[in-house]
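Below is one structure, written out as structure tokens; the observations come after it.
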Amino acid sequence: MTAASRPPSPKTDDPDADPRGLIAEAYRMPDLVPEAARAIFFDWALGRSGGEGRTESIAALHARYAPLAPDHPMTAVLEEGLAQAARPTGRRGGRRGGRAGRRN
Numbered sequence: 001m002t003a004a005s006r007p008p009s010p011k012t013d014d015p016d017a018d019p020r021g022l023i024a025e026a027y028r029m030p031d032l033v034p035e036a037a038r039a040i041f042f043d044w045a046l047g048r049s050g051g052e053g054r055t056e057s058i059a060a061l062h063a064r065y066a067p068l069a070p071d072h073p074m075t076a077v078l079e080e081g082l083a084q085a086a087r088p089t090g091r092r093g094g095r096r097g098g099r100a101g102r103r104n
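Under UniProt numbering, the first residue of the sequence shown is numbered 1, with each subsequent residue one higher.
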């Protein structure tokens, strides 16, 4: 097998979005179950420095792999990650928040 015919190594598939190649490697696992896909995604997320660019990286990975493997468990996990990122963040109440915490 020549270097030109070899599949790319996981670390070179998308060095910005997936520097350790975890997501690329997950897509190479034919019998991956959803629980393992979530664990790999969690490891990927923990390995990212800070939260900057996480949503963009998830979107880039989804755009790269979802069309090639729409039924793969990692595709569903990436879609869950995108949906989670789209939710509004911020306070939803808590102590003294909402009706119960207001004084009349």
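For glycine and all other residues, C-beta sits at the position ideal for the given N, C-alpha and C.
Asked: If we ignore side chains and look at the alpha-carbon of each, how far apart do W44 and E25 end up?; Found: 11 Å
Asked: Helix, strand or coil: how does DSSP classify D43 here?; Found: helix
Asked: Quick check on DSSP: helix, strand or coil for R28?; Found: coil
Asked: Please report the straight-line C-alpha distance between E79 and H62, rounded to a whole angstrom.; Found: 7 Å
Asked: Rounded to a whole number of angstroms, what is the C-alpha to C-alpha distance between A69 and D14?; Found: 17 Å
Asked: Check for me: the alpha helix (DSSP H) holding H72 runs from which residue to which?; Found: Unbroken run through H72: none, as it is neither H nor E.
Asked: Is the beta carbon of A17 less than 9 Å from the beta carbon of E52?; Found: no
Asked: Who are the Cβ neighbours of I58 in its own chain at under 7 Å, not counting the five residues just before and after it?; Found: L78, G81, L82 and A85
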